[in-house]
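Q: Structure below; questions to follow.
There are 2 protein chains.
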Amino acid sequence: MADNEPSAPPESPARPRRSDATRAAILTAARDRFAAEGYERATIRAIARDAAIDPSMVMRYYGNKEGLFLAATEIDLRMPDLSAVDPARLGERLVRHFLDVWESDERLTGMVRVGVTVDAGAERLRSIFRDQLGPVIAAVCPVPDEAPVRAVLVGSQIVGMALARYVVRVPPAVGLDHDEVVAWLAPTVQRYLTAERP
Amino acid sequence: MADNEPSAPPESPARPRRSDATRAAILTAARDRFAAEGYERATIRAIARDAAIDPSMVMRYYGNKEGLFLAATEIDLRMPDLSAVDPARLGERLVRHFLDVWESDERLTGMVRVGVTVDAGAERLRSIFRDQLGPVIAAVCPVPDEAPVRAVLVGSQIVGMALARYVVRVPPAVGLDHDEVVAWLAPTVQRYLTAERP
DNA sequence: GTACGTTGCCAACAAGCGTTGACCAACGAT
DNA sequence: ATCGTTGGTCAACGCTTGTTGGCAACGTAC
Chain A
1 MADNEPSAPP ESPARPRRSD ATRAAILTAA RDRFAAEGYE RATIRAIARD
51 AAIDPSMVMR YYGNKEGLFL AATEIDLRMP DLSAVDPARL GERLVRHFLD
101 VWESDERLTG MVRVGVTVDA GAERLRSIFR DQLGPVIAAV CPVPDEAPVR
151 AVLVGSQIVG MALARYVVRV PPAVGLDHDE VVAWLAPTVQ RYLTAERP
Chain B
1 MADNEPSAPP ESPARPRRSD ATRAAILTAA RDRFAAEGYE RATIRAIARD
51 AAIDPSMVMR YYGNKEGLFL AATEIDLRMP DLSAVDPARL GERLVRHFLD
101 VWESDERLTG MVRVGVTVDA GAERLRSIFR DQLGPVIAAV CPVPDEAPVR
151 AVLVGSQIVG MALARYVVRV PPAVGLDHDE VVAWLAPTVQ RYLTAERP
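Protein sequence lines, in the order shown, are assigned to chains A and B. Oh and the first sequence: position 123 is 123 in the UniProt record's numbering, straight run, nothing missing. Oh and the second sequence: position 176 is 176 in the UniProt record's numbering, straight run, nothing missing.
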């Protein structure tokens, strides 16, 4: 309905358009606003102002606010291949990876903010658990059936710490450096991954 | 300013008023709405409708929306006295306590929802860490200086799991029963409380 | 050069928000 | 019986929100 490709020729899935720069500017502004202020307070008008265009352009290119949100919050955790990692250091590897990825992409903070508030965001979070964290953990899981539970355990500790550090900013959590976080959390994650089911 | 006690006599800190029932109805409705929908989407009008009164009453009794929020989300974690607990079972005790308290008070879910979105909510969360979790953990902490860090570690795991179970509702986390959650999380919490600093 | 799709701005809409002040009814002390 | 205080409703305010439709400029293909 709000689609702008007139009759997308099947041979080229995405041709460059003159408005690509605008689209990109909107996405960038939307990411910043969603991350900083959450879904409701990030207004289309503010996003458009940041992108230096008219609010109606946002509607034209992304249909409505939820469409913009979904487009702006496609997240790639860049999960490493854990099968190449020393099994005894899986926890350390994972915790360090998440610290890096979290601090390199403010969308993750925004994702948590919104995933906790809006249904569309919660579904996004679930899909990240299911499609990105799940498979990687299944690959190193002794019993494949247990992978979903182990993934959610790992995720709960990682997200919990991210919440404390980057969203709520509890002082003692903010004060920890990477090595301290790894030293505390890695054994936990390691146990969730490899310990016998209790 | 929006205070309704004309000249509160110091001898009786809180006399019963005729409007106590209304005040309570507002608070109950506010808790439900804030918990279910977060700060922005829980409108004063909707809360007033739930409480079967006029929106202006909310303003009269609680000043403004933030005042209502603060009044509706005073939270008591009912922390137990850990010094009476077998030191080897501190983790188990704490995890079980949090499961109970979380499922008996939907305000906690609302608290997390709002604490992640609004500044006033984040401050509430920090104060809960500082004033309720902190002291209890300091009492069982080998080195008192380390108590804040250990408290935030415990909190990160507890809140992370609560997020997965009660807010985002990731299926594998919802499917765990209390004993399973305790079996997985208790050793983690135990280590955060009593292990040597790594 | 003319027709047409694209890009963009502008002005407006209806709805909903938090908040305010005027006004009335019931109560309690005098 | 009266008068100030309290509990409550009503109607409106100013504002912001997401969203829409019209219209002008630009570029390109024929």
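Quick reminder that beta carbons are idealized off the backbone N, C-alpha and C, glycines included.
1. Interface residues of chain B around A/P16 at Cβ under 9 Å?
2. Could you tell me whether the Cβ of B/A139 comes closer than 9 Å to any Cβ of chain A?
3. Return the first residue and the last residue of the alpha helix (DSSP H) that A/G160 is part of.
4. Is DSSP giving B/P144 helix, strand or coil here?
5. Listed in chain order, which residues of the stretch 146–162 of chain A have Cβ atoms closer than 8 Å to some Cβ of chain B?
6. Counting pairs of beta carbons, one from the stretch 180–191 of chain A and one from the stretch 87–100 of chain A, are three or more of them closer than 8 Å?
7. Using the rule of at least 16 other Cβ atoms within 10 Å of the residue's Cβ for burial, across every protein chain shown, is A/D119 buried or exposed?
8. Whole-angstrom Cβ separation of B/A35 and B/R107, contact assumed at under 8 Å?
9. At a CB-CB cut-off below 7 Å, which residues of chain A make contact with B/G38?
10. Residues of chain B with a CB under 7 Å from the CB of A/L27: which are they?
11. Determine whether the Cβ of A/W184 lies closer than 9 Å to any Cβ atom of chain B.
12. Residues of chain A with CB under 9 Å from B/P187, in chain order?
13. Just how far apart, CA to CA, sit B/T43 and A/S104?
14. Rounded to the nearest angstrom, how far is the Cβ of A/L82 from that of A/V140, given a contact under 8 Å?
15. Using a Cβ-Cβ distance cut-off of 9 Å, determine whether A/N167 contacts chain B.
16. Taking C-alpha atoms, which residue in A/I53, A/D76, A/R45 lies nearest to A/D129?
17. Hey, does B/F129 have any beta-carbon neighbour from chain A nearer than 9 Å?
18. Taking only runs of the beta strand (DSSP E) that begin and end inside the stretch 72–122 of chain B, which ones reach a length of at least 3 residues, in chain order?
19. What's the gap between the Cα of B/M57 and the Cα of B/I26?
20. Using the three-state DSSP reduction, which class does A/S56 fall into: helix, strand or coil?
21. Return the CA-CA distance between B/E52 and A/H97, expressed in angstroms with no decimal places.
22. Compare the C-beta of B/P172 against all C-beta atoms of chain A and say whether one is closer than 9 Å.
23. Just to confirm my understanding: we take A/R197, look at its own chain, exclude 5 residues before and 5 after, and list those with CB closer than 7 Å. What are they?
24. Listing by chain order, which chain B residues have their CB less than 7 Å from the CB of A/L108?
25. How about A/V167 and B/V114: do their beta carbons lie closer than 9 Å?
26. Under 9 Å, CB to CB, which of the residues in the UniProt domain "HTH tetR-type" (20–80) of chain A have a partner in chain B?
27. Please confirm whether A/F69 and A/A30 have their CB atoms less than 9 Å apart.
28. Go ahead and pull the three-state DSSP assignment for B/E37.
A: Considering the structure as presented:
1. The contacting residues do not exist; A/P16 stays about 37 Å from chain B at best.
2. No - not a single Cβ of chain A is within 9 Å of the one on B/A139.
3. Element bounds for A/G160: 147–162.
4. B/P144: helix per DSSP, three-state reduction.
5. Look at the stretch 146–162 of chain A: the residues with a C-beta under 8 Å from a C-beta of chain B are P148, V149, A151, V152, L153, G155, S156, Q157, I158, V159, G160, M161.
6. Yes, since at least three Cβ pairs between the stretch 180–191 of chain A and the stretch 87–100 of chain A fall closer than 8 Å, the two stretches touch.
7. With fewer than 16 Cβ atoms within 10 Å of its Cβ, A/D119 is classed as exposed.
8. Indeed, because the Cβ distance is near 6 Å, the residues count as touching under 8 Å.
9. Ordered by position in chain A, the residues that pass the 7 Å Cβ test against B/G38 are T117.
10. Result: empty, since nearest Cβ-Cβ is about 22 Å, beyond 7 Å.
11. A/W184 belongs to the set of residues whose beta carbon lies under 9 Å from a beta carbon in chain B.
12. Neighbours of B/P187 in chain A, taken as residues whose beta carbon is under 9 Å from its own, are T188, R191, A195, P198 in chain order.
13. Approximately 35 Å between the Cα atoms of the pair.
14. At roughly 5 Å, the Cβ-Cβ gap stays under 8 Å, so A/L82 and A/V140 are in contact.
15. It should be noted that the sequence gives Val, not Asn, for residue 167 of chain A. Answer yes: the Cβ-Cβ gap between A/V167 and chain B drops below 9 Å somewhere.
16. It should be noted that the sequence gives Phe, not Asp, for residue 129 of chain A. The residue with the shortest Cα to Cα distance from A/F129 is A/D76.
17. At a cut-off of 9 Å between beta carbons, B/F129 contacts chain A.
18. Whole beta strand (DSSP E) segments, 3+ residues: zero.
19. If I take the Cα positions, the gap works out to 9 Å.
20. For A/S56, the three-state secondary structure derived from DSSP is helix.
21. Reading off the sequence, residue 52 of chain B comes out as Ala, not Glu. Taking the straight line from one Cα to the other gives about 51 Å.
22. True, the Cβ-Cβ gap to chain A drops below 9 Å.
23. Taken in chain order, the residues that qualify are E146.
24. By Cβ distance, chain B contributes nothing, its closest Cβ being about 13 Å from A/L108, past 7 Å.
25. No, the Cβ-Cβ distance between A/V167 and B/V114 is not below 9 Å.
26. Residues passing the 9 Å Cβ filter: E37, G38, Y39, E40, R41.
27. In contact: A/F69 and A/A30 (Cβ atoms closer than 9 Å).
28. In the structure shown, B/E37 sits in a helix (DSSP, three-state: H, G or I).
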